[in-house]
Amino acid sequence: MATLPVLPLTDAVLLPGMAIPVTLDPTTQAAVDAARATGDQRLLAVPRLDGEYGPVGVVATIEKVGRLPSGEPAAVVRGLARARIGSGVPGPGAALWVEAAELAEPAPAGRARELAREYRALMTSVLQQRGAWQVIDAIERMTDLSELADSAGYVSWLSLAQKTELLAAPDVTTRLELLVGWVRAHLAEQEVAEQINTDVREGLEKSQREFLLRQQLATIRKELGEDEPEGSADYRARVEAADLPAPVRDAALREVGKLERASDASPEAGWIRTWLDTVLEMPWNTRTEDNTDLVAARAVLDADHAGLTDVKDRILEYLAVRNRRVERNLGVVGGRGSGAVLALAGPPGVGKTSLGESVARALGRRFVRVSLGGVRDEAEIRGHRRTYVGALPGRIVRALREAGSMNPVVLLDEVDKLAVGYSGDPAAALLEVLDPAQNHTFRDHYLEVDLDLSDVLFLATANVVEAIPSPLLDRMELVALDGYTEDEKVAIARDHLLPRQRERAGLTADEVTISDGVLARIAGEYTREAGVRQLERSLAKIFRKVAVTATTDPAPVHVDTGNLSRYLGRPKFSPESAERTAVPGVATGLAVTGAGGDVLFVEATSMAGEPGLTLTGQLGDVMKESAQIALSYLRSNGRRLGLDPNALAGRRIHLHVPAGAVPKDGPSAGITMVTALASLVSGRPVRPEFGMTGEVTLSGRVLPIGGVKQKLLAAHRAGLTEVIIPQRNEPDLDDLPAEVREALTVHTLADVADVLALALRPADLDADSLGGEALAAA
């Protein structure tokens, strides 16, 4: 047992056989001074970790006291033997004195020799990596196993805690076991680190090589004049400088990161560049200011189109509501914008497509047209996945990019011409686009970021409403454009068509004039249609002929009703109702086709032969059933109607609806067929000024039908003056223009008996001329 001053070590651990320098501070200086004062210069070096002394220290001797090259005072101490720290005792000076009992080193036993060989081999591997050959030789010369184990105190990669544990180990076998485990772990870490360093070095060499080659390639391109415009490849700077929403910016920066990591030769780099170009071209935060002047908006609509009051009123309502919300600071509610979807349905040539441009002008918005006729691929609406070669965004995204704003007027033209193909149903893809409750988060398959369509004003056009899928039609507000009256056609021709075609022909108003009477005659006798396309073509034909004559005769030309046939030939249409209905068995009906309303004649005759009913004229199933119902009704109710009940029995009845090459279907010709058959049986011709439409039942009720406005406009164009419609269709007369209401006498009836009483000529007027022969034939 010895009494020694304590030398605390805070940044080192002293093991037996080691010599280390110790920087002298007030605490260590007191211990060194105390040891030197005793004469044998021994002290107890104890590691102090986290302010606490370890249980085991090393009896050490002071070999030298001096200064370090930096000028700090220091002492070199050498470890002699392990000693266990006892209790503290008083002693001279400021040092801490303790009792220390040296620990006897037991002789090596068990696996000590084997562990020593393994430790030497492991340390040799570590030192070889560092090139420390002299240290390897020193280790190989060590024969004392305790000295070999304690030499690990010089190892820099062992922590102070590990060295303290090594100091406290009781025998050499335990110390060697600890060292073997630590050296193995260190070698494993070294292998991983070396592998990482190798990979990084190879990657850097490859990147440097590619960078050098790219720089050389860029220089070659520059010399050849093929270099790219400045800044075109710096997508990161372009994305950071662009005005993008936060989610879109994050997605773009992720793609830029992929582009920077991808090789230029990789096809993915081209896909990413195309995607980034598309995103940067989108007007994410660009919006136009809406026109708030309702009077000016109405003036624009009236200047561009005559009539179409329903559509104009709906646009002004939309604008008024939007202005009111802006005035009261009412923004988007519940994720829904103020977008609207109007479906403009009507025959060709009534101005559905051109109305979209007028709406955009009235609102002060940009206009873009999307043609959907014949589209049969869902990806045309939602876009293609980027994994496909040649992938593109959908037509909605392309329309916004073309418009350059997020609130344009988008015209979805010919929405009823969408087709279902093997690539999906594009009409189903439009369901989300046209729903203001959903389209604020529309996601295109190509962009894969949310797109707000809630502020887009969608206009859809269609010729046949029945061809639009019902879920899609449910998302749109239907506005019917049923056609123009003759007065409206004259106004459109005078204000729009005439100046446009005259300018296209290179003529002036002084060189050629056309009167309103000529325009009215062209509309009534040359181009009997719902729209004005044929009317415009007729005007173009007149101006072309005038341009030909102007080359030889520069005198001004005035086109009037007297010389109109010189330019357009003889009239193509003439009132034929009186001629067609002059014989019994012919009635004038009204129908709606894809080109608008039209006049339909139903002819009936009877002959000897096998009893039954023959139907011709390309009639659909519903129309054939209407003919059967008409015949059954007359057979069962003929006596009550004053008809011979046996006139239709035992004879072959033939019902024909010209023109025979045009397919026809629908129930609205029911009362027309009853009237034609009743006229055949009674021998009383149908009054020529009458047209009629309505579905008939077996009990003789007249049921309501659709397309009343278009049918009455067709009756007016055909020169009819009296029309019979179902009584339940009377509210539809409110949509009829005033001039047509004045020109037509409309009878609203609910029973076929009333129809026959009104439509057939009185028997006393026709008995002498027609009645007898007709009854005999029946």
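The opening residue of the sequence shown carries number 1411 in the working numbering; numbering runs sequentially from there.
By construction, the Cβ of each residue, glycine as well, lies at the ideal position given by its N, Cα and C atoms.
*Apart from the five residues on each side of it in sequence, which residues of its chain come closer than 6 Å, Cβ to Cβ, to proline 1415?*
Ala1441, Ala1444, Ala1445, Leu1453, Ala1505, Trp1507
*Are the stretch 2041 to 2058 and the stretch 2113 to 2120 touching by the rule of at least three beta carbon pairs closer than 8 Å?*
no
*Outcome for valine 1742 when other beta-carbon atoms lying within 10 angstroms are tallied against a minimum of 16*: Residue confidence for valine 1742 is low, a pLDDT of 47 falling below 50, so the modelled location carries little weight; the figure read from the coordinates is stated next. The residue is exposed, with fewer than 16 neighbouring Cβ atoms inside 10 Å.
*When DSSP builds the beta bridges, which residues end up paired with glutamate 1887?*
Leu1752
*asked:* So within the stretch 1923 to 1978, which uninterrupted alpha helix (DSSP H) runs reach at least 4 residues, ignoring any that extend past its ends?
replied: 1926 to 1931, 1943 to 1960, 1974 to 1978
*Going along the chain, which residues of its own chain have a beta-carbon closer than 6 Å to the beta-carbon of valine 1710, five neighbours each way excluded?*
Arg1771, Ala1772
*N- and C-terminal bounds of the alpha helix (DSSP H) containing methionine 2083*: 2080 to 2092
*asked:* Can you tell me where the alpha helix (DSSP H) holding glutamate 1512 begins and where it ends?
replied: Looking at the DSSP string, glutamate 1512 is not in any alpha helix (DSSP H); the run it does join, the beta strand (DSSP E), is 1507 to 1512.
*Mind checking alanine 2079: buried by the 16 CB within 10 Å criterion, or exposed?*
buried
*So, helix, strand or coil for valine 1799, using DSSP?*
coil
*asked:* Here's the rule I'm using: 16 or more other beta-carbon atoms within 10 Å means buried, otherwise exposed. How should leucine 1606 be labelled?
replied: The question names leucine, but residue 1606 in the sequence shown is isoleucine. With fewer than 16 Cβ atoms within 10 Å of its Cβ, isoleucine 1606 is classed as exposed.
_Only counting the same chain, and skipping five residues up and downstream in sequence, which positions put a Cβ closer than 7 Å to that of valine 1658?_
Val1689, Trp1694, Val1859
*For threonine 2085, count neighbouring C-beta atoms within 10 Å of its own C-beta (all shown protein chains included) and say buried if the count is 16 or more, exposed if not.*
buried
*Thinking asparagine 1817 and valine 1875 are a contact (beta carbons under 8 Å), I'd like their distance in whole angstroms, please.*
With a Cβ gap of about 27 Å, asparagine 1817 and valine 1875 do not count as contacting.
*From Pro2136, Leu2143, Leu1821, pick the residue whose C-alpha is nearest to that of valine 2160; which is it?*
Per the sequence shown, the amino acid found at residue 2160 is alanine instead of valine. Nearest of Pro2136, Leu2143, Leu1821 to alanine 2160, Cα basis: Pro2136.
*In DSSP terms, what alanine 2014 is bridged to*: Leu2065
*Nearest-angstrom beta carbon gap, alanine 2014 and leucine 2130 [assumed within contact, 8 Å]*: Contact doesn't hold; Cβ gap of about 20 Å is too wide.
*What is the rounded straight-line gap between the Cα of arginine 1853 and the Cα of glutamate 1824?*
24 Å
*Determine the DSSP secondary structure at arginine 1746, reduced to helix, strand or coil.*
Bear in mind that the predicted position of arginine 1746 carries a pLDDT of just 48, short of 50, making it unreliable; the figure below should be weighed with that in mind. It is a strand residue.
*What span of residues does the beta strand (DSSP E) with proline 1418 cover, start to end?*
1412 to 1419
*asked:* Applying the 10 Å Cβ sphere with the 16-neighbour rule, what's the burial state of leucine 1577?
replied: buried
*Backbone secondary structure at isoleucine 1806 - three-state DSSP*: helix
_Among Thr1471, Tyr1798, Ala1429, Thr1433, the one whose alpha carbon lies nearest that of glycine 1449_ = Thr1471
*Shortest alpha-carbon distance to valine 2165 belongs to which of Arg1796, Thr2103, Val1967, Asn1873?*
Thr2103
*Where do the N-terminal and C-terminal ends of the beta strand (DSSP E) with glycine 2022 fall, by residue?*
2022 to 2026
*Going straight from the alpha carbon of alanine 1522 to that of alanine 1672, what length do you get?*
56 Å
*Quick one: what does DSSP say histidine 2157 is sitting in, helix, strand or coil?*
strand
_Cβ neighbour criterion (16 or more within 10 Å) applied to methionine 1428_ = buried
*Exposed or buried, methionine 1411, counting other C-beta atoms within 10 Å across all chains shown (16 or more means buried)?*
exposed
*When you compare only the Cα positions, how much space is there between glycine 1680 and leucine 1882?*
37 Å
*Of the choices Leu2000, Ile1932, Leu2025, Thr2026, whose alpha-carbon is the least far from that of alanine 1404?*
For residue 1404 there is no data in the structure shown, the boundaries of the chain being 1411 and 2188.
_Contact test: valine 1487 Cβ vs the ligand ATP heavy atom, cutoff 8 Å_ = The ligand ATP is not among the ligands present in this structure, which contains no ligands whatsoever.
*asked:* Pull the bridge partners of valine 1819 from the DSSP assignment, please.
replied: Phe1777, Leu1867
*Thinking just about the alpha-carbon of each residue, which of Gly1941, Gly1916, Arg1912, Ile1902 is nearest to the one in leucine 1929?*
Ile1902
*Taking the C-alpha atoms as reference points, what is the distance between aspartate 1421 and glutamate 1670?*
46 Å
*How many angstroms separate the CA atom of leucine 1810 from the CA atom of aspartate 2145?*
36 Å
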